[in-house]
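Before any comments, here is the structure.
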Ligand SMILES: Cc1cc2nc3c(=O)[nH]c(=O)nc-3n(C[C@H](O)[C@H](O)[C@H](O)COP(=O)(O)O)c2cc1C
Ligand code: SF4
Ligand code: FES
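Chains as they are written, first to last, in our numbering: chain A, 347 to 770; chain B, 698 to 850.
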């Protein structure tokens, strides 16, 4: 299947981050068009009809989110672009931020018009300081040309955007933790409901949208919902940028229709497994997603296709592992990540992530006894049932799936008192 | 220790007068000014914002990028994310630790290097990676690491 090249169309063009180049390639036409031709309700309706679902992980229909915001009477309202991209294995938003910042601004301004907001904030992780500079420069250029700011293109719609730099916390990618972070607090998830669409930033209606989600918007406006739905599946329309990493010959970002088969992505686009090694497992949605083995190579990569086999699309980070990979070591690395990133508020996650690391460390060095594998599973199931926020849920998925699919390897470490694959 | 010049904080606070909840940008700017967040600076910010210092500590200790101790001249952040791990990131980290005789979150005695382990830098296609003072170094090997460290030394 050829790559559609919609979201990534400007990537690789020289100076694609500059306003004049963006405009030359059709940029800001969608924003101009809605201001001249469409009422805000019509924009919401069009995005609803397109079937676009959020690309930040949860897959919530974007049009519906906007409608909830639009119909709340409180003001001011906020559009927040989630550029926190912290899921290990994900690097698609970074490319859009650095090389197509105006597409993000245009998407945000259209979103602002649709819900009746005049303020946008881009929450970007500190690690992307270079990208934050690009966004800041783009905002200044766009203000000068009247593409954002007061009375955009001479209309009576005003919408300004600012950049907020994160300070290093994965949980701040979760939308309610992100809001607390902007409000100057430690970023911890809020209880839902109320949802941000009603009680968001400073208790005002807020639409939090992922970078990639927003980049879809100008294309939907220009080409219509029917065109959009000609890509992907009926339940997950459009294209998706997959960040492929790990043991493939050609790691990188690949934009493909939703529902593309996992094996097509790995073998046709990402060049197959390195050194002609054997495929072992894949994390299809980053470190938060349960792994899939070769049994599932034909699974369609979309929200429902992956949920049906017990995993998730997440942010579209496809981490491929070949037969040399030690699953205990990989599991430990993921467990350490979540131990560090647990916000510490609720006991099952704070203690669960801590003890999973300690138990895996014992297995790694061969100090463990066989009942301890089940102890990890038990901890994980407890976390699944009782953690306060989705991070706790994410924290056990990959590790438990490694144990479920490669239990002999965990037992091998215990029996041989070292790594049976000699990977360590 | 030398007393620090707190007057620079006045300017930073003044720049955020109008915005509510600007504690994080304020701390970022103060850290940029002094290289870390000295105790006196935190007390001074607390007075300026009329909030308690403990509230500020509650926020700054939550985030990985705030430091209450001076950092080395070079900040070496090594990716321990999943994609880097499966590409041998751990061996890279061990090599750096051995080379600098340093553990994570420590600074060399000569003050030249601070080592941090971080998760995913968003360059997973080029794994394993590290960031030296905001500059990305990719597809690391032991030889490359020695070169990077020697050049920065
Ligand atoms: C632990 C955690 C981390 C998350 N990190 C991100 C992130 O880095 N970027 C992102 O867009 N969404 C992230 N999300 C999802 C957001 O909570 C939210 O669903 C999303 O930003 C909404 O935008 P969308 O509808 O366009 O996907 C994260 C969720 C959780 C639970
Ligand atoms: S599940 Fe983890 S991250 Fe979420 S509130 Fe509990 S401790 Fe914090
Ligand atoms: S895992 Fe290292 S850059 Fe993403």
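Even glycine gets a Cβ: it sits at the ideal position worked out from N, Cα and C.
Would you call the region 758 to 765 of chain A and the region 545 to 557 of chain A in contact, with 3 or more CB pairs under 8 Å?
no
What residues match up with residue 810 of chain B in a beta bridge as DSSP calls it?
B:771
Contact with chain A by residue 804 of chain B, beta-carbon distance below 8 Å:
no
Residue 727 of chain A to residue 742 of chain A, Cα distance in whole Å?
8 Å
Report the residues of the region 423 to 438 of chain A with a CB closer than 8 Å to any CB of chain B, ordered along the chain.
431, 432, 433, 434, 435, 436, 437
Chain B within 8 Å of residue 531 of chain A, Cβ atoms only:
yes
Would a check of beta-carbon distances place residue 349 of chain A closer than 8 Å to chain B?
no
Excluding sequence positions up to five away, which residues of its chain have a Cβ less than 7 Å from the Cβ of residue 836 of chain B?
823
Whole-angstrom Cβ separation of residue 392 of chain A and residue 447 of chain A, contact assumed at under 8 Å?
Actually they are not in contact, since the Cβ atoms of residue 392 of chain A and residue 447 of chain A sit about 24 Å apart, beyond 8 Å.
Going along the region 716 to 734 of chain B in order, which residues come within less than 8 Å of chain A, judged by CB to CB distance?
717, 718, 719, 720, 721, 722, 724, 725
Measure the alpha-carbon distance for residue 730 of chain A versus residue 745 of chain A and round it to whole angstroms.
12 Å
Examine ligand 3 and report whether any of its heavy atoms sits within less than 7 Å of the Cβ of residue 865 of chain B.
Because chain B in this structure spans residues 698 to 850, residue 865 of chain B falls outside the shown range and cannot be described.
Neighbouring residues, chain B, relative to residue 473 of chain A (Cβ below 7 Å):
818, 819
Residue-chain proximity (residue 527 of chain A, chain B), Cβ-Cβ < 8 Å:
yes
Would you list the residues sitting across from residue 399 of chain A in a DSSP beta bridge?
A:407
Return yes when the C-beta of residue 519 of chain A is under 7 Å from any heavy atom of ligand 2, and no when it is not.
no
Out of A:653, A:494, A:680, state which residue places its alpha-carbon closest to the alpha-carbon of residue 665 of chain A.
A:680
Which residues of chain B have a Cβ atom closer than 9 Å to the Cβ of residue 550 of chain A, listed in chain order?
What residue 550 of chain A touches in chain B: nothing, since even the nearest Cβ is about 12 Å away.
Per DSSP, what kind of secondary structure is residue 553 of chain A in: helix, strand or coil?
strand
C-beta neighbour in chain B for residue 466 of chain A, strict 8 Å:
no
Which residues, in order along the region 596 to 610 of chain A, keep a beta-carbon less than 8 Å from a beta-carbon of chain B?
597, 598, 599
Whole angstroms is fine: what's the gap from residue 821 of chain B's alpha carbon to residue 527 of chain A's?
26 Å
Once the 5 residues before and after residue 640 of chain A are set aside, which same chain residues still bring their CB inside 6 Å of it?
625
Which same chain residues, not among the five before or five after residue 784 of chain B, have their C-beta less than 6 Å away from its C-beta?
824, 825
What's the gap between the Cα of residue 760 of chain B and the Cα of residue 565 of chain A?
37 Å
Can you find a CB in chain A that lies within less than 8 Å of the CB of residue 834 of chain B?
no
Step through the CB atoms of chain A and report whether any lies within less than 8 Å of the CB of residue 831 of chain B.
yes
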